[in-house]
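Here the structure comes first, spelled out in C-alpha coordinates, and everything after it is commentary.
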Amino acid sequence: MDNSHPVVAYIGQAAWAFVQPHFSSQAKDLLTNLISFVEDECMPAEKVFHDQISTDPKLRWKSYPQVIEDLKDKAKQRGLWQLWMNKAQYGEYGGRLSNLEYSVCAEVMGHAIRIAPEATNSSAPDTGNMEVLARYGNKEQQAKWLKPLMEGKIRSSFAMTEHGVASSDATNIRTSIVLDEKTNEIVINGHKWWISGAGDPRNKVHLVMGKSDPKASKYKQQSIVIVPSDTPGVKLVRPMQVFGYDDAPEGHYEVLYENVRVPASNMVLGWGRGFEIIQGRLGPGRLHHCMRSLGLASRALDLALLRATDERKKTFGKRLFEHGSVVRELAESRIQIDQGRLLVLSAALIVDQHPERAKGALREIGMAKAIIPRAVNEVIDRAMQLHGAEGICQDTPLAQMWAGVRTLRYADGPDEVHLDQLGRTELKRLQVVKDKYNKIDNKEKNLRGNKHSKL
(Lines of atoms letter the chains of each structure in order from A; the text may use other names.)
(Lines give C-alpha, C1' and ligand atoms only; values in the text may rest on other atoms or scores of the structure.)
Protein backbone atom coordinates (compact mmCIF):
# COMPACT_ATOMS: atom_id res chain seq x y z
CA MET A 1 0.00 0.00 0.00
CA ASP A 2 1.18 3.50 -0.84
CA ASN A 3 1.38 5.58 2.35
CA SER A 4 2.90 8.58 0.61
CA HIS A 5 -0.43 10.31 -0.12
CA PRO A 6 -0.74 13.53 1.94
CA VAL A 7 -4.13 12.41 3.27
CA VAL A 8 -2.33 9.93 5.55
CA ALA A 9 -1.38 12.91 7.71
CA TYR A 10 -5.09 13.64 8.06
CA ILE A 11 -6.73 10.23 8.50
CA GLY A 12 -3.85 7.89 9.36
CA GLN A 13 -2.56 4.73 7.74
CA ALA A 14 -5.33 2.42 8.97
CA ALA A 15 -8.17 4.47 7.48
CA TRP A 16 -6.25 4.99 4.24
CA ALA A 17 -5.65 1.25 3.99
CA PHE A 18 -9.39 0.76 4.29
CA VAL A 19 -10.46 3.33 1.70
CA GLN A 20 -7.57 3.34 -0.78
CA PRO A 21 -8.84 0.32 -2.79
CA HIS A 22 -12.13 2.20 -3.30
CA PHE A 23 -10.46 5.41 -4.51
CA SER A 24 -10.03 6.03 -8.21
CA SER A 25 -6.78 7.62 -9.39
CA GLN A 26 -8.79 10.72 -10.25
CA ALA A 27 -10.19 10.88 -6.71
CA LYS A 28 -6.70 10.54 -5.23
CA ASP A 29 -5.46 13.44 -7.34
CA LEU A 30 -8.48 15.54 -6.42
CA LEU A 31 -7.89 14.80 -2.73
CA THR A 32 -4.27 15.96 -3.02
CA ASN A 33 -5.51 19.14 -4.69
CA LEU A 34 -8.11 19.68 -1.95
CA ILE A 35 -5.57 19.31 0.86
CA SER A 36 -3.42 21.94 -0.78
CA PHE A 37 -6.44 24.24 -1.17
CA VAL A 38 -7.45 23.86 2.48
CA GLU A 39 -3.93 24.43 3.83
CA ASP A 40 -2.79 27.14 1.42
CA GLU A 41 -6.01 29.08 0.87
CA CYS A 42 -8.81 28.29 3.32
CA MET A 43 -7.13 28.10 6.71
CA PRO A 44 -5.12 31.31 6.15
CA ALA A 45 -8.38 33.06 5.18
CA GLU A 46 -10.27 32.29 8.40
CA LYS A 47 -9.25 35.41 10.30
CA VAL A 48 -9.78 37.55 7.20
CA PHE A 49 -13.31 36.17 6.93
CA HIS A 50 -14.17 37.14 10.50
CA ASP A 51 -12.50 40.53 10.12
CA GLN A 52 -14.71 41.28 7.10
CA ILE A 53 -17.92 40.74 9.11
CA SER A 54 -19.18 44.03 10.52
CA THR A 55 -19.46 44.38 14.30
CA ASP A 56 -22.37 46.80 13.82
CA PRO A 57 -25.56 44.83 14.64
CA LYS A 58 -27.42 46.61 11.84
CA LEU A 59 -24.78 45.82 9.22
CA ARG A 60 -23.79 42.24 10.17
CA TRP A 61 -26.60 40.81 8.04
CA LYS A 62 -26.31 43.17 5.08
CA SER A 63 -23.22 41.91 3.26
CA TYR A 64 -21.06 38.82 3.00
CA PRO A 65 -17.25 38.64 3.29
CA GLN A 66 -15.61 39.09 -0.09
CA VAL A 67 -12.92 36.55 0.76
CA ILE A 68 -15.48 33.75 0.28
CA GLU A 69 -16.25 34.83 -3.28
CA ASP A 70 -12.52 35.02 -4.01
CA LEU A 71 -12.07 31.48 -2.68
CA LYS A 72 -14.99 30.23 -4.75
CA ASP A 73 -13.25 31.46 -7.87
CA LYS A 74 -10.05 29.70 -6.83
CA ALA A 75 -11.91 26.47 -6.09
CA LYS A 76 -13.50 26.53 -9.55
CA GLN A 77 -10.12 27.17 -11.17
CA ARG A 78 -8.67 24.18 -9.31
CA GLY A 79 -11.54 21.88 -10.26
CA LEU A 80 -12.77 21.64 -6.67
CA TRP A 81 -16.31 22.86 -7.24
CA GLN A 82 -19.43 20.92 -6.26
CA LEU A 83 -17.64 17.84 -4.95
CA TRP A 84 -20.41 16.12 -3.02
CA MET A 85 -23.03 15.10 -5.63
CA ASN A 86 -22.13 11.75 -7.17
CA LYS A 87 -23.24 10.37 -10.53
CA ALA A 88 -24.74 7.16 -9.16
CA GLN A 89 -27.35 9.04 -7.14
CA TYR A 90 -27.88 12.25 -9.07
CA GLY A 91 -27.45 11.32 -12.73
CA GLU A 92 -26.82 14.35 -14.91
CA TYR A 93 -26.31 16.52 -11.83
CA GLY A 94 -23.76 14.18 -10.27
CA GLY A 95 -20.10 14.95 -9.76
CA ARG A 96 -16.99 12.81 -9.81
CA LEU A 97 -16.82 11.23 -6.37
CA SER A 98 -18.47 8.31 -4.59
CA ASN A 99 -19.91 8.84 -1.11
CA LEU A 100 -16.85 7.13 0.36
CA GLU A 101 -14.44 9.32 -1.59
CA TYR A 102 -16.35 12.46 -0.68
CA SER A 103 -16.45 11.48 3.00
CA VAL A 104 -12.67 11.69 3.19
CA CYS A 105 -12.80 15.04 1.38
CA ALA A 106 -15.40 16.26 3.90
CA GLU A 107 -13.10 15.43 6.80
CA VAL A 108 -10.27 17.36 5.19
CA MET A 109 -12.59 20.35 4.66
CA GLY A 110 -13.62 20.09 8.32
CA HIS A 111 -10.19 21.42 9.28
CA ALA A 112 -11.43 24.78 7.88
CA ILE A 113 -15.10 24.11 8.52
CA ARG A 114 -16.35 27.69 8.17
CA ILE A 115 -14.49 28.33 4.93
CA ALA A 116 -13.71 25.23 2.84
CA PRO A 117 -17.19 23.67 2.48
CA GLU A 118 -18.75 26.90 1.26
CA ALA A 119 -15.77 27.78 -0.93
CA THR A 120 -16.29 24.48 -2.80
CA ASN A 121 -20.12 24.80 -2.81
CA SER A 122 -20.39 21.81 -0.52
CA SER A 123 -21.98 23.36 2.58
CA ALA A 124 -25.30 22.91 4.34
CA PRO A 125 -28.13 23.71 3.99
CA ASP A 126 -27.55 24.15 0.25
CA THR A 127 -26.26 20.60 -0.21
CA GLY A 128 -29.46 19.14 1.21
CA ASN A 129 -31.65 21.51 -0.79
CA MET A 130 -29.79 20.78 -4.00
CA GLU A 131 -30.28 17.10 -3.22
CA VAL A 132 -34.04 17.62 -2.88
CA LEU A 133 -34.29 19.53 -6.14
CA ALA A 134 -32.04 17.13 -8.04
CA ARG A 135 -33.87 14.01 -6.86
CA TYR A 136 -37.45 15.21 -6.49
CA GLY A 137 -37.81 18.52 -8.34
CA ASN A 138 -39.29 18.83 -11.81
CA LYS A 139 -37.43 20.32 -14.77
CA GLU A 140 -38.87 23.79 -14.24
CA GLN A 141 -37.92 23.81 -10.53
CA GLN A 142 -34.44 22.55 -11.33
CA ALA A 143 -33.87 25.21 -13.98
CA LYS A 144 -35.08 28.02 -11.73
CA TRP A 145 -33.51 27.01 -8.41
CA LEU A 146 -31.13 24.07 -8.68
CA LYS A 147 -29.00 25.57 -11.44
CA PRO A 148 -28.16 28.85 -9.59
CA LEU A 149 -27.56 26.89 -6.37
CA MET A 150 -25.11 24.61 -8.16
CA GLU A 151 -23.40 27.65 -9.65
CA GLY A 152 -23.08 29.20 -6.17
CA LYS A 153 -24.98 32.32 -7.23
CA ILE A 154 -27.61 32.07 -4.50
CA ARG A 155 -28.07 30.50 -1.04
CA SER A 156 -31.10 28.71 0.42
CA SER A 157 -32.82 27.51 3.60
CA PHE A 158 -34.75 24.42 4.68
CA ALA A 159 -37.63 25.48 6.93
CA MET A 160 -38.70 22.52 9.06
CA THR A 161 -38.14 23.19 12.80
CA GLU A 162 -41.00 25.07 14.45
CA HIS A 163 -41.35 27.41 17.40
CA GLY A 164 -43.26 25.88 20.32
CA VAL A 165 -43.40 22.43 18.72
CA ALA A 166 -41.41 19.27 19.50
CA SER A 167 -40.05 19.14 15.97
CA SER A 168 -37.85 16.11 16.61
CA ASP A 169 -41.11 14.29 15.83
CA ALA A 170 -41.85 15.81 12.44
CA THR A 171 -45.46 14.62 12.60
CA ASN A 172 -45.99 17.44 15.14
CA ILE A 173 -45.25 20.12 12.57
CA ARG A 174 -48.30 22.37 12.22
CA THR A 175 -47.38 24.99 9.62
CA SER A 176 -50.42 25.10 7.34
CA ILE A 177 -50.04 24.40 3.63
CA VAL A 178 -53.32 24.61 1.73
CA LEU A 179 -54.41 25.06 -1.88
CA ASP A 180 -56.55 28.05 -2.82
CA GLU A 181 -58.43 26.48 -5.71
CA LYS A 182 -59.79 29.83 -6.89
CA THR A 183 -56.31 31.23 -7.63
CA ASN A 184 -54.44 27.91 -7.91
CA GLU A 185 -52.02 29.15 -5.27
CA ILE A 186 -50.54 27.44 -2.23
CA VAL A 187 -51.05 29.41 0.98
CA ILE A 188 -48.53 28.95 3.83
CA ASN A 189 -48.98 30.03 7.45
CA GLY A 190 -46.51 29.03 10.14
CA HIS A 191 -43.91 29.97 12.73
CA LYS A 192 -40.46 28.45 12.15
CA TRP A 193 -37.15 28.95 13.91
CA TRP A 194 -33.53 27.79 13.72
CA ILE A 195 -33.78 28.17 9.95
CA SER A 196 -30.16 28.04 8.83
CA GLY A 197 -29.08 30.59 6.25
CA ALA A 198 -32.32 32.58 6.36
CA GLY A 199 -30.43 35.71 7.42
CA ASP A 200 -27.87 35.42 4.61
CA PRO A 201 -28.17 38.43 2.25
CA ARG A 202 -27.65 36.01 -0.66
CA ASN A 203 -30.60 33.79 0.36
CA LYS A 204 -33.19 33.56 -2.41
CA VAL A 205 -35.33 30.52 -1.61
CA HIS A 206 -36.77 28.51 1.28
CA LEU A 207 -37.98 24.92 1.10
CA VAL A 208 -40.83 24.90 3.62
CA MET A 209 -42.25 21.77 5.24
CA GLY A 210 -45.76 21.90 6.63
CA LYS A 211 -49.01 20.03 7.17
CA SER A 212 -51.16 19.85 4.06
CA ASP A 213 -53.71 17.19 5.03
CA PRO A 214 -54.29 16.55 8.78
CA LYS A 215 -56.77 13.76 7.93
CA ALA A 216 -54.34 11.70 5.87
CA SER A 217 -52.33 8.79 7.25
CA LYS A 218 -49.54 9.77 9.66
CA TYR A 219 -46.72 10.07 7.12
CA LYS A 220 -48.81 11.49 4.28
CA GLN A 221 -49.91 14.67 6.03
CA GLN A 222 -46.83 16.76 5.21
CA SER A 223 -45.69 18.48 2.04
CA ILE A 224 -42.70 20.60 0.96
CA VAL A 225 -43.13 23.83 -0.97
CA ILE A 226 -40.65 26.14 -2.70
CA VAL A 227 -40.98 29.69 -1.33
CA PRO A 228 -38.86 32.52 -2.77
CA SER A 229 -37.45 34.40 0.21
CA ASP A 230 -38.77 37.78 -1.02
CA THR A 231 -42.38 36.54 -1.22
CA PRO A 232 -44.80 38.85 0.66
CA GLY A 233 -45.53 37.42 4.09
CA VAL A 234 -42.06 35.92 4.69
CA LYS A 235 -40.84 37.76 7.78
CA LEU A 236 -37.43 37.38 9.41
CA VAL A 237 -38.03 37.84 13.14
CA ARG A 238 -34.59 37.56 14.74
CA PRO A 239 -31.30 35.66 14.54
CA MET A 240 -31.01 32.79 17.01
CA GLN A 241 -27.82 32.67 19.08
CA VAL A 242 -25.85 29.50 19.74
CA PHE A 243 -24.14 29.92 23.13
CA GLY A 244 -23.91 33.64 22.37
CA TYR A 245 -22.74 33.28 18.74
CA ASP A 246 -25.10 34.66 16.11
CA ASP A 247 -23.21 33.08 13.19
CA ALA A 248 -23.68 36.25 11.12
CA PRO A 249 -24.02 36.91 8.28
CA GLU A 250 -25.57 33.49 7.59
CA GLY A 251 -27.08 32.55 10.92
CA HIS A 252 -30.12 30.62 12.10
CA TYR A 253 -33.30 32.68 12.04
CA GLU A 254 -36.77 32.72 13.49
CA VAL A 255 -39.13 33.13 10.52
CA LEU A 256 -42.84 33.83 10.19
CA TYR A 257 -44.85 32.79 7.13
CA GLU A 258 -48.04 34.85 7.17
CA ASN A 259 -50.48 34.19 4.33
CA VAL A 260 -47.57 33.50 2.00
CA ARG A 261 -48.82 32.68 -1.50
CA VAL A 262 -46.88 30.83 -4.19
CA PRO A 263 -48.00 29.10 -7.41
CA ALA A 264 -49.31 25.55 -7.06
CA SER A 265 -46.43 24.49 -9.30
CA ASN A 266 -44.05 25.20 -6.39
CA MET A 267 -45.07 21.96 -4.69
CA VAL A 268 -42.13 19.52 -4.62
CA LEU A 269 -42.83 15.97 -5.87
CA GLY A 270 -46.49 16.05 -4.85
CA TRP A 271 -48.97 16.64 -2.05
CA GLY A 272 -48.36 14.54 1.05
CA ARG A 273 -44.84 13.44 0.08
CA GLY A 274 -42.88 15.55 2.55
CA PHE A 275 -41.71 12.63 4.69
CA GLU A 276 -40.51 10.76 1.64
CA ILE A 277 -38.43 13.79 0.68
CA ILE A 278 -36.84 14.43 4.08
CA GLN A 279 -35.86 10.79 4.48
CA GLY A 280 -34.01 10.97 1.17
CA ARG A 281 -32.51 14.35 2.08
CA LEU A 282 -31.14 13.62 5.53
CA GLY A 283 -29.21 10.36 5.15
CA PRO A 284 -26.09 11.42 3.20
CA GLY A 285 -26.20 14.86 4.84
CA ARG A 286 -25.76 13.28 8.26
CA LEU A 287 -22.59 11.59 7.03
CA HIS A 288 -21.31 14.91 5.68
CA HIS A 289 -21.88 16.56 9.08
CA CYS A 290 -20.12 13.71 10.86
CA MET A 291 -17.05 13.75 8.63
CA ARG A 292 -16.67 17.52 8.74
CA SER A 293 -16.97 17.32 12.52
CA LEU A 294 -14.23 14.70 12.67
CA GLY A 295 -12.01 17.06 10.70
CA LEU A 296 -12.76 19.72 13.28
CA ALA A 297 -11.86 17.26 16.06
CA SER A 298 -8.57 16.46 14.34
CA ARG A 299 -7.76 20.15 14.24
CA ALA A 300 -8.60 20.46 17.94
CA LEU A 301 -6.24 17.56 18.65
CA ASP A 302 -3.54 19.30 16.57
CA LEU A 303 -3.96 22.42 18.71
CA ALA A 304 -3.79 20.28 21.85
CA LEU A 305 -0.51 18.72 20.69
CA LEU A 306 1.00 22.12 19.97
CA ARG A 307 -0.09 23.36 23.39
CA ALA A 308 1.12 20.27 25.23
CA THR A 309 4.61 20.55 23.76
CA ASP A 310 4.98 24.35 24.00
CA GLU A 311 8.20 25.06 25.91
CA ARG A 312 6.68 28.23 27.38
CA LYS A 313 3.72 26.42 28.94
CA LYS A 314 4.96 24.69 32.06
CA THR A 315 3.11 23.73 35.22
CA PHE A 316 4.86 22.65 38.39
CA GLY A 317 8.17 22.61 36.57
CA LYS A 318 7.02 20.31 33.78
CA ARG A 319 5.87 20.81 30.22
CA LEU A 320 2.24 19.76 29.83
CA PHE A 321 2.96 16.53 27.96
CA GLU A 322 5.17 15.41 30.83
CA HIS A 323 2.06 15.04 32.96
CA GLY A 324 0.58 11.57 32.61
CA SER A 325 -3.00 12.82 32.61
CA VAL A 326 -2.33 14.96 29.53
CA VAL A 327 -0.81 12.05 27.62
CA ARG A 328 -3.82 9.87 28.46
CA GLU A 329 -6.23 12.52 27.23
CA LEU A 330 -4.36 12.87 23.95
CA ALA A 331 -4.69 9.11 23.55
CA GLU A 332 -8.43 9.18 24.34
CA SER A 333 -8.96 11.85 21.68
CA ARG A 334 -7.06 9.87 19.06
CA ILE A 335 -9.12 6.75 19.81
CA GLN A 336 -12.44 8.59 19.53
CA ILE A 337 -11.53 10.27 16.24
CA ASP A 338 -10.35 7.05 14.61
CA GLN A 339 -13.34 5.05 15.88
CA GLY A 340 -15.78 7.61 14.54
CA ARG A 341 -14.05 7.87 11.18
CA LEU A 342 -14.16 4.14 10.47
CA LEU A 343 -17.84 4.04 11.42
CA VAL A 344 -18.71 6.81 8.95
CA LEU A 345 -16.53 5.41 6.19
CA SER A 346 -18.22 2.02 6.49
CA ALA A 347 -21.62 3.71 6.29
CA ALA A 348 -20.55 5.67 3.20
CA LEU A 349 -19.40 2.46 1.55
CA ILE A 350 -22.80 0.87 2.17
CA VAL A 351 -24.58 3.92 0.71
CA ASP A 352 -22.44 3.55 -2.42
CA GLN A 353 -23.65 -0.04 -2.65
CA HIS A 354 -27.27 1.19 -2.49
CA PRO A 355 -27.09 4.28 -4.75
CA GLU A 356 -30.85 4.66 -5.02
CA ARG A 357 -31.11 5.60 -1.33
CA ALA A 358 -29.32 5.52 2.01
CA LYS A 359 -31.71 2.95 3.49
CA GLY A 360 -29.14 0.17 3.45
CA ALA A 361 -26.98 2.11 5.91
CA LEU A 362 -29.65 3.44 8.28
CA ARG A 363 -28.16 1.62 11.25
CA GLU A 364 -24.61 2.83 10.59
CA ILE A 365 -25.78 6.39 9.83
CA GLY A 366 -27.81 6.42 13.05
CA MET A 367 -24.86 5.22 15.11
CA ALA A 368 -22.57 7.83 13.58
CA LYS A 369 -25.08 10.62 14.10
CA ALA A 370 -25.55 9.68 17.78
CA ILE A 371 -21.92 9.00 18.67
CA ILE A 372 -19.75 11.41 16.70
CA PRO A 373 -21.01 14.83 17.85
CA ARG A 374 -20.57 13.71 21.48
CA ALA A 375 -17.10 12.32 20.81
CA VAL A 376 -16.02 15.43 18.89
CA ASN A 377 -17.25 17.69 21.70
CA GLU A 378 -15.21 15.66 24.17
CA VAL A 379 -12.10 15.99 22.00
CA ILE A 380 -12.59 19.76 21.71
CA ASP A 381 -13.34 20.04 25.44
CA ARG A 382 -10.04 18.34 26.31
CA ALA A 383 -8.18 20.74 24.02
CA MET A 384 -9.97 23.69 25.67
CA GLN A 385 -9.01 22.44 29.13
CA LEU A 386 -5.40 22.06 28.05
CA HIS A 387 -5.39 25.70 26.90
CA GLY A 388 -6.72 26.95 30.23
CA ALA A 389 -8.66 30.22 30.09
CA GLU A 390 -7.31 30.83 26.59
CA GLY A 391 -9.34 27.85 25.41
CA ILE A 392 -12.68 29.48 26.16
CA CYS A 393 -12.00 32.94 24.74
CA GLN A 394 -11.80 34.40 21.24
CA ASP A 395 -8.02 33.97 21.01
CA THR A 396 -8.41 30.35 19.88
CA PRO A 397 -11.14 28.83 17.65
CA LEU A 398 -11.90 26.13 20.23
CA ALA A 399 -14.89 27.72 21.97
CA GLN A 400 -16.68 28.44 18.72
CA MET A 401 -15.84 24.95 17.47
CA TRP A 402 -17.37 23.45 20.61
CA ALA A 403 -20.54 25.55 20.30
CA GLY A 404 -20.98 24.62 16.66
CA VAL A 405 -20.59 20.88 17.18
CA ARG A 406 -22.83 20.86 20.26
CA THR A 407 -25.77 21.87 18.04
CA LEU A 408 -25.35 18.70 15.96
CA ARG A 409 -26.82 16.71 18.82
CA TYR A 410 -30.10 18.38 17.82
CA ALA A 411 -29.64 18.92 14.09
CA ASP A 412 -30.92 16.27 11.66
CA GLY A 413 -32.63 14.48 14.55
CA PRO A 414 -31.66 14.58 18.25
CA ASP A 415 -29.51 11.84 19.78
CA GLU A 416 -32.48 10.34 21.59
CA VAL A 417 -34.36 9.65 18.35
CA HIS A 418 -31.41 7.87 16.76
CA LEU A 419 -30.70 5.87 19.90
CA ASP A 420 -34.34 4.83 20.12
CA GLN A 421 -34.30 3.66 16.51
CA LEU A 422 -31.03 1.80 17.06
CA GLY A 423 -32.39 0.10 20.15
CA ARG A 424 -35.51 -1.00 18.29
CA THR A 425 -33.34 -2.35 15.50
CA GLU A 426 -31.45 -4.43 18.05
CA LEU A 427 -34.71 -5.75 19.50
CA LYS A 428 -35.66 -7.01 16.05
CA ARG A 429 -32.69 -9.38 16.28
CA LEU A 430 -34.19 -11.13 19.31
CA GLN A 431 -35.56 -14.17 17.48
CA VAL A 432 -32.32 -14.65 15.57
CA VAL A 433 -30.38 -14.53 18.86
CA LYS A 434 -32.79 -16.97 20.52
CA ASP A 435 -32.51 -19.40 17.61
CA LYS A 436 -28.72 -19.16 17.72
CA TYR A 437 -28.41 -19.96 21.42
CA ASN A 438 -31.16 -22.60 21.38
CA LYS A 439 -29.16 -24.36 18.70
CA ILE A 440 -26.00 -24.13 20.82
CA ASP A 441 -27.85 -25.39 23.90
CA ASN A 442 -29.28 -28.34 22.00
CA LYS A 443 -25.87 -29.29 20.69
CA GLU A 444 -24.45 -29.03 24.20
CA LYS A 445 -27.20 -31.36 25.49
CA ASN A 446 -26.45 -33.84 22.72
CA LEU A 447 -22.75 -33.76 23.56
CA ARG A 448 -23.51 -34.38 27.22
CA GLY A 449 -25.81 -37.27 26.31
CA ASN A 450 -23.21 -38.87 24.04
CA LYS A 451 -20.55 -38.53 26.73
CA HIS A 452 -22.68 -40.27 29.37
CA SER A 453 -23.65 -43.10 27.01
CA LYS A 454 -19.97 -43.84 26.34
CA LEU A 455 -19.25 -43.95 30.04
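So in this note's numbering, spot 246 of the sequence shown is number 246, and the numbers just go up one at a time. Think of the CB as a built atom: it goes at the ideal place given N, C-alpha and C, for glycine as much as any other residue.
So, for residue 140: in the same chain, excluding its five sequence neighbours on each side, which residues have a beta-carbon less than 8 Å away from its beta-carbon? Taking the sequence shown and counting its residues from 1, the one referred to as residue 140 is at position 140. Result list for residue 140: 265, in chain order.
Can we say the region 105–118 touches the region 156–170, given the rule of at least three CB pairs closer than 8 Å? no
Integer Cβ distance of residue 156 from residue 149, believed to fall under 8 Å: As a working note, residue 156 is residue 156 in the sequence shown. As a working note, residue 149 is residue 149 in the sequence shown. Their Cβ separation, rounded to whole angstroms, is 6 Å, which keeps residue 156 and residue 149 in contact under 8 Å.
Sorted by chain position, which residues of the same chain lie with C-beta nearer than 6 Å to residue 253's C-beta, five sequence neighbours on each side aside? On the sequence shown, residue 253 is found 253 positions in, with the first residue counted as 1. Cβ neighbours of residue 253 beyond the five flanking positions: 195, 198, 199, 236 and 239.
Please name the residue in 406, 431 and 398 whose C-alpha comes closest to that of residue 112. Working through the sequence shown from its first residue, we reach residue 112 at position 112. Selected option, being the one with the closest Cα: 398.
Cα-Cα separation, residue 450 to residue 442: By one-based count along the sequence shown, residue 450 stands at place 450. By one-based count along the sequence shown, residue 442 stands at place 442. Taking the straight line from one Cα to the other gives about 12 Å.
Would residue 249 pass as a contact of residue 123 if the rule is Cβ separation under 8 Å? Along the sequence shown, read from residue 1 onward, the residue named residue 249 stands at position 249. Along the sequence shown, read from residue 1 onward, the residue named residue 123 stands at position 123. Contact: no.
Whose C-alpha, out of 39, 202, 209 and 340, is nearest the C-alpha of residue 6? Mapped onto the sequence shown, residue 6 falls at position 6. Ranking 39, 202, 209 and 340 by Cα distance to residue 6 puts 39 first.
For residue 12 and residue 185, what's the separation of their Cα atoms in angstroms? Counted from its first residue, the sequence shown places residue 12 at position 12. Counted from its first residue, the sequence shown places residue 185 at position 185. Each residue's alpha carbon lies about 55 Å from the other.
Closer than 7 Å by C-beta to residue 367: which residues in its own chain qualify, once you throw out the five before and the five after it? Chain order, please. Working through the sequence shown from its first residue, we reach residue 367 at position 367. Cβ neighbours of residue 367 beyond the five flanking positions: 343 and 422.
Restricting to Cα atoms, I'd like to know which of 73, 135 and 162 is closest to residue 175. Against the sequence shown, residue 175 aligns to sequence position 175. For residue 175, the nearest C-alpha among the options comes from 162.
When the Cβ atoms of the region 51–66 are set against those of the region 130–137, are three or more pairs found closer than 8 Å? no
Could you tell me whether the region 296–315 touches the region 63–72, using the rule of 3 or more Cβ pairs below 8 Å? no
Extent of the continuous alpha helix (DSSP H) to which residue 99 belongs: Along the sequence shown, read from residue 1 onward, the residue named residue 99 stands at position 99. It spans 99–110 - the alpha helix (DSSP H) in which residue 99 sits, taken as one unbroken run.
Since I believe residue 227 is in contact with residue 188 (beta carbons under 8 Å), could you give me their beta-carbon distance rounded to a whole number of angstroms? Locating residue 188 in the sequence shown gives position 188, counting from the first residue. Locating residue 227 in the sequence shown gives position 227, counting from the first residue. About 7 Å separates the two Cβ atoms, so the contact holds.
Once the 5 residues before and after residue 345 are set aside, which same chain residues still bring their CB inside 7 Å of it? Counting from 1 along the sequence shown, the entry for residue 345 is found at position 345. Excluding sequence neighbours, residue 345 sits near 15, 18, 19, 100 and 103.
According to DSSP, which residues form a beta bridge with residue 176? Indexing the sequence shown from 1 puts residue 176 at position 176. According to DSSP, residue 176 bridges with 189 and 211.
Hey, residue 304 and residue 333: beta-carbon distance below 8 Å or not? For the purposes of this step, residue 304 is taken as the residue at position 304 of the sequence shown. For the purposes of this step, residue 333 is taken as the residue at position 333 of the sequence shown. Yes, Cβ-Cβ distance for residue 304 and residue 333 is below 8 Å.
Assumed close pair residue 206, residue 307 - CB separation to whole angstroms, cut-off 8 Å: For this step, residue 206 is matched to residue 206 along the sequence shown. For this step, residue 307 is matched to residue 307 along the sequence shown. Their Cβ separation, rounded to whole angstroms, is 42 Å, which puts residue 206 and residue 307 out of contact at 8 Å.
Secondary structure of residue 436, DSSP reduced to three states: Translated into the one-based positions of the sequence shown, residue 436 becomes position 436. Helix, per DSSP.
Please name the residue in 85, 114, 96 and 337 whose C-alpha comes closest to that of residue 146. On the sequence shown, position 146 is the one that residue 146 refers to. If we check each option's Cα against that of residue 146, 85 comes out closest.
Indicate whether residue 107 and residue 291 have their beta-carbon atoms separated by less than 8 Å. To locate residue 107, count along the sequence shown from 1; it is residue 107. To locate residue 291, count along the sequence shown from 1; it is residue 291. Contact: yes.
Taking the alpha carbon of residue 23 as the reference point, which residue from 412, 126 and 349 has its own alpha carbon closest? Translated into the one-based positions of the sequence shown, residue 23 becomes position 23. Nearest of 412, 126 and 349 to residue 23, Cα basis: 349.
Compute the distance between the beta-carbons of residue 336 and residue 375, then report whether it is under 8 Å. The sequence position of residue 336 within the sequence shown is 336, counting from 1. The sequence position of residue 375 within the sequence shown is 375, counting from 1. The answer is yes: Cβ separation under 8 Å.
Output needed for residue 370: all residues of its chain with C-beta closer than 6 Å, excluding positions within five of it in sequence on either side, in chain order. The sequence position of residue 370 within the sequence shown is 370, counting from 1. Cβ within range, chain order: 415, 418 and 419.
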